Every structure is written in structure tokens, then in C-alpha cells.
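Residue numbering for the sequence shown follows our numbering, beginning at 21 and increasing consecutively. The beta carbon of each residue, even a glycine, is placed where N, CA and C say it ideally should be. Owing to the predicted nature of the structure, the values given are computational and were not obtained by experimental measurement. First up is the structure itself, then whatever we jot down about it.
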Amino acid sequence: MAILPHFITDKSDLICLSSQLELELPIWLVIQADLAHSPKIRKVADFLTDIVSQKLQQLSGQMIKP
């Protein structure tokens, strides 16, 4: 058993035992202090932040109209 986001399970053969469970957890991006100012690391961090922001509805289980 596992708790998975809706966007992972919507198009699979998995069986949902209960859709009443709602979790709101923060998403953390952890970077070593000595690498935090590296341009390459910063670029990846910014990219991940943008992607999560764009996909926030999917991550929260809200339906998105095609």
C-alpha cells in the first residue's frame, strides 16, 4: 500500500481504497549550503520550483480540464 498523488494513479490499474484522505504537506528542496550559490545548482533549483508551481493543481489532486 502507498499514498500516491492522483496524477500518478489516474491512468493505472491501481485500486483506490479511499479517496477521502487529504494531505497537505510542504514540498522542500534541500541543497547543501556550500552548493547553494552554484549557478548550475541554482538553475536546477529554479527549474524544479517552476515545474512544481506549474503543476500545483495536479499535485494537489485537483482535476484539470484538457
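Enumerate in chain order the residues of its own chain whose CB-to-CB distance from residue 60 is below 7 Å, with the five nearest sequence positions on each side excluded. none
Measure the Cβ-Cβ separation of residue 64 and residue 47 and say whether it is below 7 Å. no
Selection from 45, 31 and 35 that minimises the alpha carbon distance to residue 79: 45
Using DSSP with H/G/I as helix, E/B as strand and the rest coil, what is residue 37? coil
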